[in-house]
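Take the sequence shown: its letters are residues 76 to 216, numbered as in this note's numbering. The beta-carbon is built from N, C-alpha and C at its ideal position, and this holds for glycine as well.
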Amino acid sequence: MQGMLRFSEKEEIVKFVSENGVKILNLCHIPEDGRLKTLSFSATDKERLCDVLELGERVDGSSLLSFIEPGKSDIYLMPRLDKAFVNPFSKLPTLNVLCDYLDENGKPLDVAPKNVLVRAEEKLHSSSGIALKAWRSSSFI
């Protein structure tokens, strides 16, 4: 199996799971504490896999984000199909998919760390013309 994968359709992931014997699907997300969390599912139930990839998975937002208002703690982890990768550390064949947080109406969650950062960067750029850029390298020579 490979590392970073580029899917655009849920059917591509379902096919990859089937053809590569993937047993576990990890929905990966980053709450306000900045530490990667995972919600794991069996990837062998095709119907359940399709539902999770298409509809996301409901979670209790109050346990992830302290800013969630009482009575509005139902949020969704929505898989970002283009951000999937094979977990190289798992004993079982496992596919990790990075997720976004959505509110109960399916809209991006305002208080999600990623969305706060995006708005801050947009405001910085619109008010000053400064653009944030980040590059990565496997070695620093």
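Taking only the alpha-carbon atoms, compute the straight-line gap between residue i and residue j and give it to the nearest angstrom.
| i | j | result |
| --- | --- | --- |
| residue 138 | residue 95 | 34 Å |
| residue 119 | residue 166 | 16 Å |
| residue 150 | residue 110 | 18 Å |
| residue 209 | residue 152 | 26 Å |
Which partner residues does residue i have in the DSSP bridge list?
| i | result |
| --- | --- |
| residue 115 | 101 |
| residue 171 | 101, 160 |
| residue 133 | 151 |
| residue 177 | 151, 183 |
| residue 80 | 159 |
Which whole-angstrom value describes the C-beta separation of residue i and residue j, a residue pair presumed to lie in contact below a C-beta threshold of 8 Å?
| i | j | result |
| --- | --- | --- |
| residue 175 | residue 198 | In fact, because the Cβ distance is near 20 Å, the residues do not count as touching under 8 Å. |
| residue 186 | residue 103 | Their Cβ separation, rounded to whole angstroms, is 19 Å, which puts residue 186 and residue 103 out of contact at 8 Å. |
| residue 128 | residue 154 | 6 Å |
Touch test, the region 113–128 against the region 186–206, Cβ-Cβ under 8 Å, three pairs minimum: no
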